[in-house]
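See below for the structure under consideration.
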Amino acid sequence: MRAGGGAWDSGPRSPQPPRVPAHTCQARRGPRSSRRGRPRLPNPSRPEAPRARLRLGSSVGGRGGGRRLGTGVADMLLLKKQTEDISSVYEIREKLGSGAFSEVMLAQERGSSHLVALKCIPKKALRGKEALVENEIAVLRRVSHPNIVALEDVHESPSHLYLAMELVTGGELFDRIMERGSYTEKDASHLVGQVLGAVSYLHSLGIVHRDLKPENLLYATPFEDSKIMVSDFGLSKIQAGNMLGTACGTPGYVAPELLEQKPYGKAVDVWALGVISYILLCGYPPFYDESDPELFSQILRASYEFDSPFWDDISESAKDFIRHLLERDPQKRFTCQQALQHLWISGDAAFDKDILGSVSEQIQKNFARTHWKRAFNATSFLRHIRKLGQSPEGEEASERRVARHSHPGFQSGQPPKW
Numbered sequence: 001m002r003a004g005g006g007a008w009d010s011g012p013r014s015p016q017p018p019r020v021p022a023h024t025c026q027a028r029r030g031p032r033s034s035r036r037g038r039p040r041l042p043n044p045s046r047p048e049a050p051r052a053r054l055r056l057g058s059s060v061g062g063r064g065g066g067r068r069l070g071t072g073v074a075d076m077l078l079l080k081k082q083t084e085d086i087s088s089v090y091e092i093r094e095k096l097g098s099g100a101f102s103e104v105m106l107a108q109e110r111g112s113s114h115l116v117a118l119k120c121i122p123k124k125a126l127r128g129k130e131a132l133v134e135n136e137i138a139v140l141r142r143v144s145h146p147n148i149v150a151l152e153d154v155h156e157s158p159s160h161l162y163l164a165m166e167l168v169t170g171g172e173l174f175d176r177i178m179e180r181g182s183y184t185e186k187d188a189s190h191l192v193g194q195v196l197g198a199v200s201y202l203h204s205l206g207i208v209h210r211d212l213k214p215e216n217l218l219y220a221t222p223f224e225d226s227k228i229m230v231s232d233f234g235l236s237k238i239q240a241g242n243m244l245g246t247a248c249g250t251p252g253y254v255a256p257e258l259l260e261q262k263p264y265g266k267a268v269d270v271w272a273l274g275v276i277s278y279i280l281l282c283g284y285p286p287f288y289d290e291s292d293p294e295l296f297s298q299i300l301r302a303s304y305e306f307d308s309p310f311w312d313d314i315s316e317s318a319k320d321f322i323r324h325l326l327e328r329d330p331q332k333r334f335t336c337q338q339a340l341q342h343l344w345i346s347g348d349a350a351f352d353k354d355i356l357g358s359v360s361e362q363i364q365k366n367f368a369r370t371h372w373k374r375a376f377n378a379t380s381f382l383r384h385i386r387k388l389g390q391s392p393e394g395e396e397a398s399e400r401r402v403a404r405h406s407h408p409g410f411q412s413g414q415p416p417k418w
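All residue numbers in the sequence shown are consecutive under the UniProt record's numbering, ending with 418.
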């Protein structure tokens, strides 16, 4: 876990990628701009601690308010350590960040020097949203991969639920690119390869992330050779044989089949990786428009371009790789395994030319964000999604409730009217 629409540019309109609005979990908005004229879009000796009691199958909500998990699921996934006071387990250092209904604190395990990112969730805030945290814990308990932020422990007090997450200190993907002395297509290939490996692992376990985007990709350490980590499993889902139906995610990264309200599966993650790969090579997104309906229409048509001059120095292999990931038909779209075998990832096809100047300039223009802008986007997009109906049948009602209230992202229902 990590630590811690404005005015349009009225300058010349020679090939100029758009500035994209804040890529934020709260806003759930995609990039906004008009393809015509490409205006820029507006610019994350050891003292012994009290022995914890263990409880299985406990409810996540407050007294009597939480939904109990079945014994089998609890035995495998939801082992919680009961404590009256979390300060008996961790020394709370400082606040790292906050979410819709939780705070993340830097915490040190008592009796050791081990640091964690402690996600503190008040049970009062969880009422009606229990399935969100239950699902996140269930997914994270299943995974163990060097490129996935780990859940180290779960504690429960009378008033709070605490998730002790692996502390990652290297910062967000875009911030690190901006700080580099050089950046090449090979660097982008290496980054994408690491994420593909992690997502391929998730898919082998039947897990669909459903919210892959740049700000959920974090560096483990500040060092130059740091690995990249996949984080934020709040919208992930264990796909137990059936296709998924609940529409969720961040608009600029969602796949066409999700917008069409069709059942979907692991291929939506591959599409999102295609969008991320595109951005890593030019600094702006493949789909964007000032109008939400037009943005969705572009995604539904898989309508994007390799604009000159921004793509002139990018290899044909990279473009071929992206075409296979941004394939309109999920049946024809690459799987993670196929993507890992593509020569742009597995071979020596990626160019070694420094593209930092162009990419960093576009990232600055397209992904600079402020708190007020994120709040504006959240409010604006919430108004938009209220026009959509109920989620399709096929997934449990609790997940639909979570999609509506906990994550202000896509809801499923009637297709938007273009």
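Just so it is clear, CB atoms sit at the ideal spot from N, CA and C, and this is done for glycine as well.
Nothing here was measured: the structure is a model prediction, and the numbers come from that model.
### Message
Pull the bridge partners of Lys119 from the DSSP assignment, please.
### Response
Val104 and Leu163
### Task
Rank Ile86, Gly171 and Leu273 by C-alpha distance to the C-alpha of Ile345 and give the top, closest one.
Leu273
#### Entry: Closest residue to Glu215 among Arg176, Ser189, Ser358 and Thr184 (Cα-Cα distance)
Arg176
#### Entry: Endpoints, beta strand (DSSP E) assigned at Glu152
Leu151 to Glu156
### Query
Should the segment 307 to 320 be regarded as contacting the segment 288 to 296, the criterion being three or more beta carbon pairs within less than 8 Å?
no
### Task
Count the CB pairs spanning the segment 355 to 363 and the segment 167 to 185 that are closer than 8 Å, and state whether there are at least three.
yes
### Length of the line joining the Cα atoms of Glu166 and Ala150
5 Å
### Task
Work out the CA separation of Ala349 and Gln331 for me, nearest whole Å.
26 Å
### Query
Within the chosen definition, does the segment 201 to 215 reach the segment 261 to 281 through at least 3 CB pairs nearer than 8 Å?
yes
### Query
Quick one: what's got a C-beta closer than 8 Å to Ile314's C-beta in the same chain, skipping five residues either side?
Glu185, Leu281, Cys282, Phe306, Phe351 and Ile355
### Message
Measuring straight from C-alpha to C-alpha, what distance separates Arg2 and Arg328?
### Response
Unreliable placement is indicated for Arg2, whose pLDDT of 47 sits below 50; the coordinate value is still reported in the next sentence. Distance between the alpha carbons of Arg2 and Arg328: 33 Å.
### Query
Excluding five sequence neighbours on each side, which residues of the same chain lie with their C-beta closer than 7 Å to the C-beta of Cys336?
Leu196, Val199, Ser200, His203 and Val270
### Query
Looking at Phe174 and the ligand NAP, is the gap between the Cβ and the nearest heavy atom below 7 Å?
Ligands in the displayed structure: none, and consequently the ligand NAP is not present.
#### Entry: Coil, strand or helix - Met229 by DSSP
strand
### Query
Among Tyr264, Val104 and Pro256, which residue has its Cα nearest to the Cα of Asn242?
Tyr264
### Message
Restricting to Cα atoms, I'd like to know which of His190, Pro222 and Asn366 is closest to Gly252.
### Response
Asn366
### Query
Just curious, the beta strand (DSSP E) that Gln82 is in, first and last residue?
Lys80 to Gln82
### Query
In chain order, what residues of the same chain lie with their CB nearer than 6 Å to the CB of Ser317, ignoring the 5 residues before and after it?
Leu343, Trp344 and Ala349
### Task
Could you check how far apart the C-beta atoms of Tyr162 and Leu118 are, in whole angstroms? I think they sit under 8 Å.
6 Å
### Task
Classify Cys248 as helix, strand or coil using the three-state DSSP reduction.
coil
### Query
Between which two residues does the alpha helix (DSSP H) containing Arg93 stretch?
Note, Arg93: premise wrong, no alpha helix (DSSP H); beta strand (DSSP E) at Tyr90 to Ser98.
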